[in-house]
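Please read the structure below before turning to the comments.
Protein chains in written order, with the working numbering: chain A, 4 to 97; chain B, 194 to 685.
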């Protein structure tokens, strides 16, 4: 399919990416080529074929729901761009 | 210590360390010196942990060699997609520039438990998205055989480091060929284990149903030793396989006494041996198959008929999973934050716009599209259906053969900047490696000589049934011993 820069912008916004006009223009063309290539799959007869979303053969095991301390608050906050020592800080929401 | 030590195999150095002929500190110093000498040309290492490595080596020396530790004192490098406690893990991305994990990935913990010394982290395509390591936000790694060429990708830093003797082994990750293709381009051994064989805990996720961590080394025995150290069930990864883990190194050693390939059926898929493959690649790979035949292997023709659809299927699945996995990079809990944002949505949008590189953004956008309402069935669900057919192709082929073999890549290493303008052409070069990840099966690439025209390494790829790593290792060793490919890169 052909992809317009406006359409690429809409999808980028869904993905929380604010891209500039030049990049959207370039992405739109590349997306069009890539999606056109992906559409070759339409030629494969998949009637009645169950989708395979992952190659794992085993059933995911369950475990007792026990509380375990895996890390400290300081460790979790260590990599955050902004904290008050107790919480992650983001721009004011309300 | 001499430069020659660097060219020894991992297991040979391990044996010298174990017998006390060399110390862990001297082995580590040798690698650090080799890194210092080669990095100005190679740019394979992103974060060097020289002090920590020397301290760990000194600690090991003080305790004395431990024969129960398979990698005791052996210096190794780790791809920067894998979390290392206290050591930066950037995934080749600006968005994780200052990220320092507070825990080790299970595979890294396995290396450490086996006594390995972590020298640092290797360069990669950003978030493992690429086939040349040119998508790294930090540097472009060169191929040790010719520094004007790419090392392959995305584990190009690990491949170049191992090939050039900067370390004795490295961890890579393989989502669509990211261990095998750079191993092929740099003339080393790389294994993509069965999905679930090595824990993904602590691996920065790209395509969760495709990703596997694996060893990159200069010999098959080395790969077996490293794989044994990192494989096994891990309760922290729900996709981790409960199957018992063999001692691959011991099994390979036990088999090596026999040495021949009598009774082994090698399947050659028609789709991998014809059109679109460079003549020099076909020549090297055919010579390797002839060598296997000379060792008693039976060669049979097989077919993987859905191969022409593998690239489209793979990129739909991988981009869909990437768009979901990379949603976590929001500028809140870790990573880059754009300081100009005044509201929360702007914080997300600007941090991600400035923190991610163009290939990552392209894949996130396409992945978001193929998962979006109205298009999901046509793209993502359809790809998942074709994925099952691709997997079935392998299962059908293994009814008539034990190991499938073919070229790892249609061509040897290409020039730096040669393919960066056209992402689709770059994707198409993954044609022979991606099906295996879709199917979740194990594969490995081994060097089988230099191309007659390019004089660059050519890799042969071996595929096995699920949990068939031992068979792959034995076959690979027999072929490599027979072919004796040149292993010393001339570009540095």
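Using N, Cα and C, we set each Cβ at its ideal position, and we do this for glycine too.
| Asked | Found |
| --- | --- |
| Residue 247(B) versus residue 230(B) - alpha carbon distance | 18 Å |
| Sequence-distant residues of its chain with Cβ nearer than 7 Å to residue 331(B) (five each side left out) | 239, 285, 316 |
| For residue 662(B): DSSP bridge partner residues | Answer is none; residue 662(B) lacks a bridge partner. |
| Those residues which DSSP pairs with residue 91(A) across a bridge | 86(A) |
| Sequence-distant residues of the same chain with beta carbon closer than 6 Å to residue 349(B), five excluded per side | 326, 334, 375 |
| Residue 324(B) versus residue 606(B) - alpha carbon distance | 10 Å |
| Within-9 Å CB hit, residue 57(A) to chain B | yes |
| Among 648(B), 526(B), 378(B), 433(B), nearest to residue 404(B) - alpha-carbon criterion | 433(B) |
| Interface positions of the region 548 to 562 of chain B facing chain A (Cβ-Cβ less than 9 Å), listed along the chain | 549, 551, 554, 555, 557, 558, 559, 560, 561, 562 |
| Distance, residue 354(B) Cα to residue 524(B) Cα | 32 Å |
| Beta carbon of residue 677(B) nearer than 9 Å to that of residue 595(B) | no |
| Chain-ordered chain A contacts of residue 509(B) [CB-CB under 8 Å] | 41, 44 |
| Identity of the residue in 249(B), 320(B), 261(B), 207(B) nearest residue 518(B) by Cα | 320(B) |
| Partners in chain B for residue 18(A), counting only beta-carbon separations shorter than 7 Å | 516, 557, 558, 561 |
| Which residues DSSP lists as bridging residue 600(B), in chain order | 653(B) |
| CA-to-CA distance, residue 386(B) to residue 575(B), given in whole angstroms | 26 Å |
| Stretch-stretch touch, CB-based, cutoff 8 Å, three pairs: the region 296 to 316 of chain B with the region 541 to 556 of chain B | no |
| Closer than 7 Å at the beta carbon, the chain B residues around residue 15(A) | 558 |
| CB-CB length for residue 462(B) against residue 488(B), believed under 8 Å | Between residue 488(B) and residue 462(B) the Cβ distance is about 21 Å, and since that is not below 8 Å, they are no contact. |
| Euclidean distance between Cα positions of residue 446(B) and residue 371(B) | 27 Å |
| Residue-chain proximity (residue 526(B), chain A), Cβ-Cβ < 9 Å | yes |
| Length-filtered (4 minimum) alpha helix (DSSP H) runs lying within the region 327 to 365 of chain B | 349 to 356 |
| Contact belief for residue 460(B) with residue 351(B) at Cβ below 8 Å, rounded distance in angstroms | Actually they do not touch by this definition, with Cβ atoms about 29 Å apart. |
| Backbone secondary structure at residue 313(B) - three-state DSSP | strand |
| For residue 261(B) and residue 437(B), the rounded distance between their alpha carbons | 19 Å |
| Spatially closest choice to residue 363(B) from 388(B), 562(B), 380(B), 411(B), by CA coordinates | 411(B) |
| Expected contact under 8 Å - CB spacing of residue 272(B) and residue 294(B) to nearest Å | In fact, because the Cβ distance is near 14 Å, the residues do not count as touching under 8 Å. |
| Exposure of residue 195(B), with buried meaning 16 or more beta-carbon neighbours within 10 Å | Confidence at residue 195(B) is low in this model, with a pLDDT of 49, below 50, so its placement is unreliable and the value that follows should be read with caution. Looking at its Cβ environment, which holds fewer than 16 other Cβ atoms inside 10 Å, residue 195(B) is exposed. |
| Segments of 4+ residues assigned as alpha helix (DSSP H) that fall wholly inside the region 506 to 583 of chain B | 537 to 548, 551 to 564 |
| Own chain partners of residue 426(B) with C-beta closer than 7 Å, once the 5 adjacent residues on each side are dropped | 433, 434, 435 |
| Residue environment, residue 291(B), which counts as buried when at least 16 other CB atoms sit within 10 Å | exposed |
| Cutoff 9 Å: residue 195(B) Cβ touching any chain A Cβ | For residue 195(B), the predicted model reports a pLDDT of 49, less than 50, meaning its position is unreliable and no value from the coordinates is stated. |
| Cβ-based contacts, 7 Å cut-off: residues of the region 567 to 585 of chain B near chain A | 572, 574, 575, 576, 577, 578, 579, 580, 581, 582, 584 |
| Separation of residue 296(B) from residue 304(B), as counted between CA atoms | 14 Å |
| Terminal residues of the alpha helix (DSSP H) in which residue 26(A) lies | 24 to 41 |
| Whole-angstrom distance between residue 20(A) and residue 541(B), CA atom to CA atom | 7 Å |
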